[in-house]
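Read through the structure below, which is laid out as structure tokens, and then see the notes.
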Amino acid sequence: MDKPDALEAAGIVVRMCENLLGTVSTYGRWASEARTACGDLIASAYTLLRNDNVAGQMDKCFQLIWLAGAAQPQIAAVRIFLEAEKPKSLGAIATQNLGIRFCLVIECNIIINTTFISREDVDAIKYTMNIPFRAAEEIAADDMDQAALLAIVKLWSTLVNYLVATELPLPQMLSYWFADVFPSLLVSQRLYSDASNADAIRDGNKIVHPAFCPPTGRALAT
Amino acid sequence: MGQSIVAFNQQVAADGTSRFGWGYKYVTANYKGAFFHCETASVESGLRIVEHEFPKKMLPYAESLGHKAISWTVRGYIATFPYDSADNVLNTTDYTRGRDELARALDSNQPGWLQVHTMPPLYVICQRWRLTETEKQGGYCTFDMEFQEYGLAPFAYTSDAYTAVQQAAEALRSQLVAPGVPWTPPDIGELLKPTLPGTSGGGTGGGSGGGF
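In the order they appear, the protein sequences are chains C and Y. When we follow my numbering, the leftmost residue of the first sequence carries the number 1109, and every step to the right adds one. When we follow my numbering, the leftmost residue of the second sequence carries the number 235, and every step to the right adds one.
Structural data, given as structure tokens:
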């Protein structure tokens, strides 16, 4: 990569690493490894970019961030920051696309290892992931990068297939309405004839005190 | 000559002077490309009807639950031919070639196309077959075959969705890292070990963790 391109791309890489570091917890072996890898990448970003060899170290960072327990919304935030960059040089644009695609890979890996409890959650993820994939697909198509385009489309389609398959057996969320404020145990008993779902109702509706559930809320259909 | 009958009928049809309106449709019977002479063929089909009879009502109601699976019962034979003909396995002096070929097709445990004379071909699977040879009729064997319509599997087989996403993600990752090799964790087994305070597992990289 030429010097002006590398300089601009290095800025993108450094900002991306700083955002990635924000997702890492403060303890644990993988977290410390991830911090080390991100630090290495920040320190050597310019050199790696000049040598066209940044992808390997970036991949290591993303893998370690994933192993350290990053959540999908955190990686999505990193991706959104990357998408907001306005690079001018060719090398910087390529680096930006590289980071976005790594984010998509990690997000997919996180999603397929997530346990969903309702169809609405799956629908929300499906909708959320359609937007970056559509953008990435457009960029790859505009760049005439057929290999990347095929890989992105395949990842997108397999993810949607996975989410649809995951969604099918899950219960739907329904709205309920009572005349008065009730304890979560009573709400659960009235909805399911079983008080054991009281905690789920409390968590699902972010109820402050389980003795005073608001009269309206949402609960699993089954 | 069995083959020449077919050729004759087709030629007549091509001339436009068909003496047999159905003759040009006549083809040699075969299952998955294994030819045989068809002695008899019977097709069974219909509708799955459930007859509802109601108390205190004079009229019943016959409800159709859809098309019934087509079943074919075919009796075929393979006989020794007076001389060898290169174009057809049926026209050979060794009838066992055609016999064994048909037996293999029937035993293949896979569906295939069945073509019986003038009938339209159907995608079937062989449910049962019987080969009969008698000493009196040397060089001749009969096949009694039962076929069932194969149809379509209710759910198309797809690979595990989880693995498919994993593989697609790895493919994209490898493509991004190329020509390098994607990074792999040094010891994935460490993930499975509980990280307890004071154990060596958490201390490997801990010293370098606060470098930023």
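We put the beta carbon where it would ideally sit given N, CA and C, even for glycine. Computed from a predicted model, the values in this text were never measured in an experiment.
With the rule of 3 Cβ pairs closer than 8 Å, the stretch 1193-1210 of chain C counts as touching the stretch 1109-1126 of chain C. Contact between Ala1117(C) and Val1132(C) does not hold, since their C-beta atoms are separated by about 23 Å, which reaches or exceeds 8 Å.
According to DSSP, residue pairing for Asn325(Y) in a beta bridge does not occur. Nearest CB-CB separation between Trp347(Y) and chain C: not below the 8 Å threshold.
Among the CB atoms of chain C, none fall inside 8 Å of the CB of Leu299(Y). For the pair Val1213(C) and Ile1188(C), the Cα-to-Cα distance works out to about 14 Å. At a cut-off of 8 Å between C-beta atoms, Ala402(Y) counts as an interface residue with respect to chain C. Taking the Cβ atoms as the reference, Trp1174(C) lies roughly 7 Å from Ile1218(C), within the contact range of under 8 Å. For chain Y, the residues of the stretch 1154-1182 of chain C that bring a beta carbon within less than 7 Å of one of its beta carbons are Ala1163, Gly1164, Asp1167, Lys1168, Gln1171 and Leu1175, in chain order. Neighbours of Cys1216(C) across chain Y, judged by C-beta separation under 9 Å: Val399, Gln400, Ala402, Ala403 and Leu406. Listed in chain order, the positions of the stretch 1184-1197 of chain C with a beta carbon within less than 9 Å of a beta carbon of chain Y would be empty, since no residue qualifies. Look at the beta carbons and you see the stretch 297-308 of chain Y touching the stretch 269-279 of chain Y: at least three pairs across the two are nearer than 8 Å. By the C-beta density criterion, Gln1182(C) is buried, having at least 16 other C-beta atoms within 10 angstroms. As a beta-bridge residue in DSSP terms, Ile283(Y) pairs with Ser298(Y).
The DSSP-derived three-state label of Ser305(Y) is strand. Residues of chain Y whose Cβ lies closer than 9 Å to the Cβ of Arg1209(C) are, in chain order, Leu406, Arg407, Gln409 and Leu410. By the neighbour-count criterion, in which a residue is buried when 16 or more other Cβ atoms sit within 10 angstroms of its Cβ, Ser1292(C) is buried. In this structure, Glu1193(C) places its C-beta atom within 8 Å of the C-beta atom of Ile1120(C). Here DSSP, grouped into helix, strand and coil, assigns Ser1265(C) to helix. Note on the stretch 1152-1184 of chain C: whole alpha helix (DSSP H) runs with a minimum of 4 residues are 1162-1175, in chain order. In this model, Lys1196(C) and Asp1251(C) are separated by some 15 Å (Cα to Cα). Within chain C, no residue has its beta carbon less than 7 Å from that of Pro388(Y); the closest one is some 15 Å off.
For Ala1200(C), no CB of chain Y lies under 8 Å from its own CB, so it is not counted at the interface with that chain. Taking 7 Å as the cut-off between beta carbons, the residues of the stretch 1268-1279 of chain C near chain Y are Asn1269, Tyr1270 and Ala1273, in sequence order. Residue burial is scored here from C-beta neighbours: Thr1266(C) has at least 16 other C-beta atoms within 10 angstroms and is therefore classed as buried. For Val1121(C), not one C-beta of chain Y is nearer than 8 Å to its own C-beta.
Interface annotation for the stretch 281-306 of chain Y against chain C: empty, criterion Cβ-Cβ distance under 7 Å. Within the DSSP secondary-structure output, Ser342(Y) pairs in no beta bridge. Following the DSSP letters along the chain, one finds Gln401(Y) inside the alpha helix (DSSP H) bounded by residues Ala395 to Val411. Close partners of Gly414(Y) in chain C (Cβ separation under 9 Å): Asn1161, Ala1163, Gly1164 and Asp1167.
Relative to the Cα of Ser1301(C), the nearest Cα in the group Tyr1154(C), Leu1276(C) and Thr1330(C) belongs to Thr1330(C). In the DSSP annotation of this structure, the continuous segment of the alpha helix (DSSP H) that includes Tyr1300(C) starts and ends at Ser1292 to Tyr1300. Put simply, the CB of Leu1299(C) is far from chain Y, with every gap to its CB atoms at 8 Å or more.
In this chain, the beta strand (DSSP E) harbouring Ile359(Y) covers Leu356 to Glu367. Interface residue (Cβ-Cβ distance to chain C less than 8 Å): Tyr357(Y) is not classified as such.
Below 8 Å, too few C-beta pairs join the stretch 327-345 of chain Y and the stretch 393-405 of chain Y to call them touching: fewer than three.
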